[in-house]
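Working notes, beginning with the structure itself.
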Amino acid sequence: MTTTTPAHQSLRDRLRASWRILLKELSAFGAVGTVGFVIDLTLFNLLFNHGQVIAKMVSTTVAVVFTYFGNRHLSFSHRARTGIGREGSFFFGINMLALAFSLVVIAIFSYPLHYKHDLLVMNVVNLATIAVGTVFRFWAYKRFVFLHPDKVHDPDVNLDEELAEP
Numbered sequence: 258m259t260t261t262t263p264a265h266q267s268l269r270d271r272l273r274a275s276w277r278i279l280l281k282e283l284s285a286f287g288a289v290g291t292v293g294f295v296i297d298l299t300l301f302n303l304l305f306n307h308g309q310v311i312a313k314m315v316s317t318t319v320a321v322v323f324t325y326f327g328n329r330h331l332s333f334s335h336r337a338r339t340g341i342g343r344e345g346s347f348f349f350g351i352n353m354l355a356l357a358f359s360l361v362v363i364a365i366f367s368y369p370l371h372y373k374h375d376l377l378v379m380n381v382v383n384l385a386t387i388a389v390g391t392v393f394r395f396w397a398y399k400r401f402v403f404l405h406p407d408k409v410h411d412p413d414v415n416l417d418e419e420l421a422e423p
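Counting from 258, one number per residue, gives the positions in the sequence shown under our numbering.
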């Protein structure tokens with residue numbers, strides 16, 4: 258018969274709580290992202306004939322506005338609030354980086370590679386850029402936008418220094 262010490266029990270409880278939080282964040286992020294994904298793909302395809310770069314800018318912008326509120330109020334609702342201005346700035350900045358990446362890839366496939374009239378190829382390219390952007394955004398939202406409460410409320414943690422770390 259093995260006995261657990263209070264230190265082992267505490268560690269086990271923290272790990273269990275951490276996994277529950279991560280599962281909640283991932284599942285809510287996935288649900289919000291699924292709706293954002295549908296918005297993005299639908300608008301991209303509706304606006305496809307107006308130019309793929311324009312279609313991607315519009316579709317992503319609308320999806321990002323939706324996902325900001327969904328992530329703020331569902332995915333990361335348990336995390337500390339540092340102000341809507343700061344969160345919004347970081348959130349939209351991160352999404353601008355992801356959008357810039359998508360636009361460059363879509364522009365390359367549309368113009369130099371001449372796939373701008375091939376809806377199937379452009380949708381596959383769009384899906385690939387969304388996949389890469391999703392992984393980047395999940396990491397960046399947790400790291401820079403929706404902070405852990407300990408980092409915000411701990412007087413020994415300097416947020417400027419914390420956010421500057423790699």
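Where is the CB? At the ideal position from N, CA and C, for every residue including glycine.
DSSP places Arg-394 inside the alpha helix (DSSP H), whose first and last residues are 376-397. Taken through DSSP and simplified to helix, strand or coil, Tyr-368 comes out as coil. The segment 288-301 and the segment 313-324 touch, with three or more beta-carbon pairs separated by less than 8 angstroms.
The segment 368-377 makes no contact with the segment 344-351, as fewer than three CB pairs between them are under 8 angstroms.
Restricting attention to Ile-351, Asn-380 and Phe-294, the CA atom closest to the CA of Ala-364 is found in Asn-380.
The Cβ-Cβ distance between Val-289 and Thr-339 does not fall below 8 angstroms. Straight through space, the alpha carbons of Phe-366 and Leu-377 are spaced by roughly 12 angstroms. Its Cα nearest to that of Val-295, the residue Asn-383 stands out among Phe-395, Leu-354, Asn-383 and Phe-393. DSSP places Gly-308 in the coil class of the three-state scheme, outside both helix and strand.
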